[in-house]
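What follows is a short report on a single structure.
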Amino acid sequence: MLQIVLTVFLLLFCFYASTQEIPVQLQRQLEQIADATEEETEDDSYWQQLEHRLRSPLNINEANQEELKELNVLSEWQIQNLLKYRQLLGDLVSVYELQAVPGWDTRLLRRLLPFITVSKAIPSGNHLLQRLSGGSHTILLRVSQLLESQRGFRGVNEERKYGGTRQRIFMRYRYMYKSLLQYGWSGDKDAGERFFRGAQRYGFDFNSFHLFARKLGVIEVLALGDFTVNMGQGLIQWQSLAFKKSGDAVAVKRQSPVLKPYSSAGEYNFHRGVGISLRKAAMELSLFASFRRLSANKEEDSAGVFVSSVLTSGYHRTEMELAGRNILQQFAVGASILYRRERGHVGMNMIRHVFSLPLRKRDEPYNLYSIRGSEWNNLSIDHAYTYRNIHLFGELAVDHRLSMALLQGGM
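Residue 120 is where the sequence shown starts when you use our numbering, and the numbers rise one by one after that.
So this is what it looks like as structure tokens:
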């Protein structure tokens, strides 16, 4: 009975919910992103960022380097040219003045126009009450269902039969004040998972909460709950959206703040705990600690109990999938130290993983460099340097087995 009531409520809610037409420019950018992403993902953080900028355009006169990077449209060279232009000539008076910035042409300006504005730079609202009450609330509810009956719903094998309903339900609440404060909750139920019964007796199979604050004095970023960590060029850690090679030169280099809030439907590629970034002058220090329970395949032999694979799909529909739910504990700590100069930066990144059960994958060629054992440590050094219109970047990484990786690029 409860399922019927919830289904009717969700359908009525969706029917009466107001919708907003997506601008053509945003549609094109999302299509380009879908073509350029390295793999299929449920991470819609970039869509959230663009949607926020549509309602609250970024003021070019007060945007810092990190906020400009988050647009994922500008190269390091273009960002540095804008910052130098502002430093030499002061605030811009019109968005069309951006054409005078070296490297900023009309094509780039057309891509940016829906998401930027030019106005007089004013001090950020640091008053706590203003941050808590001056923002916007967003609620997203998405319900979907395949018309065809999937095999799992009509399977004769009880271990492989889906125990829940056919609907996929995702719900998210988010509060956001500029880029200074953000908090929210999201819940996800995949098709075939139980809802308010069985292993999911509290509702959604996956629940996520995050609190993210910026510019609290010397504290540049404070992250509580779920967040992503992005270091260097991703050789040791990159959890945000990544792009493959394309005709867009900006996609060649990965650009992101070290810590970002997480509120997407994906159940694997994020950290859960606390993170903090401290900045003073040219130095920036980011620290984080995370504890998560992961789904995995557990096996046992004469050597003891071990994990043969970590499950990343997030599906908990059958008895077999439920048996592996949250059986692997993962503790992770890491740090990133960044020294910035006008033309570039150099950084050092460290991360350590500890697992409650040892990881032992099959002896296959594709598993040669996979994580093994109960501990894993990585260290890397990354850099970026701009000289005139040439930008060089790279990262050198090593693990505790002294296996090394090097990435070097330029544009």
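From the three backbone atoms N, C-alpha and C, an ideal C-beta is built for every residue, glycine too.
CB of residue i within 8 Å of CB of residue j, strictly
{"i": "G222", "j": "Q249", "result": "no"}
{"i": "V192", "j": "V369", "result": "yes"}
{"i": "S428", "j": "N468", "result": "no"}
{"i": "E339", "j": "L251", "result": "no"}
{"i": "V377", "j": "V337", "result": "no"}
{"i": "S383", "j": "R293", "result": "no"}
{"i": "F234", "j": "L173", "result": "yes"}
{"i": "S405", "j": "A451", "result": "no"}
{"i": "F346", "j": "F389", "result": "yes"}
{"i": "S164", "j": "K399", "result": "no"}
{"i": "R471", "j": "G453", "result": "yes"}
{"i": "E440", "j": "E277", "result": "no"}
{"i": "M350", "j": "S194", "result": "no"}
{"i": "G282", "j": "R436", "result": "yes"}
{"i": "M295", "j": "S305", "result": "no"}
{"i": "G385", "j": "N416", "result": "no"}
{"i": "N445", "j": "R391", "result": "no"}
{"i": "L330", "j": "G311", "result": "no"}
{"i": "L457", "j": "S475", "result": "no"}
{"i": "N183", "j": "S238", "result": "no"}
C-alpha distance - residue i paired with residue j, whole-angstrom precision
{"i": "S421", "j": "R479", "result": "13 Å"}
{"i": "G254", "j": "D210", "result": "25 Å"}
{"i": "E514", "j": "R462", "result": "17 Å"}
{"i": "L521", "j": "Q356", "result": "17 Å"}
{"i": "D307", "j": "L511", "result": "41 Å"}
{"i": "H502", "j": "Q352", "result": "9 Å"}
{"i": "Q286", "j": "Q264", "result": "5 Å"}
{"i": "S359", "j": "S375", "result": "8 Å"}
{"i": "Q319", "j": "Y506", "result": "56 Å"}
{"i": "M402", "j": "V473", "result": "29 Å"}
{"i": "I395", "j": "L341", "result": "5 Å"}
{"i": "Y321", "j": "Y387", "result": "20 Å"}
{"i": "Y434", "j": "D162", "result": "16 Å"}
{"i": "L217", "j": "R270", "result": "56 Å"}
{"i": "L525", "j": "L354", "result": "8 Å"}
{"i": "D482", "j": "F425", "result": "14 Å"}
{"i": "M530", "j": "L266", "result": "47 Å"}
{"i": "S432", "j": "S414", "result": "9 Å"}
{"i": "N497", "j": "S327", "result": "27 Å"}
{"i": "I288", "j": "I258", "result": "13 Å"}
{"i": "S175", "j": "E185", "result": "17 Å"}
{"i": "E419", "j": "D324", "result": "27 Å"}
{"i": "A361", "j": "H256", "result": "28 Å"}
{"i": "Y204", "j": "F407", "result": "35 Å"}
{"i": "Q139", "j": "Q301", "result": "Low confidence applies to Q139: its pLDDT is 47, below 50, so where it sits in the model is not reliable enough to give any reading."}
Collapsed DSSP secondary structure at residue i in the structure displayed
{"i": "R293", "result": "strand"}
{"i": "G385", "result": "coil"}
{"i": "N180", "result": "coil"}
{"i": "F425", "result": "strand"}
{"i": "A442", "result": "helix"}
{"i": "R520", "result": "coil"}
{"i": "F128", "result": "In this prediction, F128 has a pLDDT of 43, which is less than 50 and means its spatial position is unreliable; what the coordinates show is noted afterwards. F128: helix per DSSP, three-state reduction."}
{"i": "P477", "result": "strand"}
{"i": "H510", "result": "strand"}
{"i": "N200", "result": "helix"}
{"i": "R261", "result": "strand"}
{"i": "Q269", "result": "coil"}
{"i": "L515", "result": "strand"}
{"i": "R226", "result": "helix"}
{"i": "R279", "result": "coil"}
{"i": "A136", "result": "Low confidence applies here, because A136 scores a pLDDT of 42, under 50, leaving its location unreliable; read the following figure in that light. A136: coil per DSSP, three-state reduction."}
{"i": "Q206", "result": "helix"}
{"i": "L187", "result": "helix"}
{"i": "V560", "result": "With the chain running from 120 to 530 in the structure shown, residue 560 is simply not present."}
Closer than 7 Å: residue i CB and nearest the ligand SAH heavy atom
{"i": "W304", "result": "By its list of ligands, the structure shown contains no ligand whatsoever, and the ligand SAH lies outside what it can speak to."}
Those residues which DSSP pairs with residue i across a bridge
{"i": "K417", "result": "V426"}
{"i": "L248", "result": "Paired residues: none, contrary to the question."}
{"i": "K308", "result": "I288"}
{"i": "P484", "result": "According to DSSP, P484 bridges with nothing at all."}
{"i": "F450", "result": "F410, V473"}
{"i": "I235", "result": "L177"}
{"i": "Y458", "result": "M402, V465"}
{"i": "H435", "result": "None; H435 has no bridge partner."}
{"i": "Q319", "result": "R316"}
Span of the alpha helix (DSSP H) around residue i
{"i": "H171", "result": "164–174"}
First and last residue of the uninterrupted beta strand (DSSP E) at residue i
{"i": "R527", "result": "Reading off the sequence, residue 527 comes out as Gln, not Arg. Q527 -> beta strand (DSSP E) spans 523–529."}
{"i": "T505", "result": "492–506"}
{"i": "I338", "result": "338–348"}
{"i": "R333", "result": "325–335"}
{"i": "Q218", "result": "Counting along the chain, Q218 falls outside any beta strand (DSSP E), and DSSP gives it neither H nor E."}
{"i": "R373", "result": "First-last for R373: undefined, no H or E at that position."}
Neighbour flag for residue i against chain C, beta carbons, 8 Å
{"i": "F450", "result": "Included in the structure is just one protein chain, with no chain C present."}
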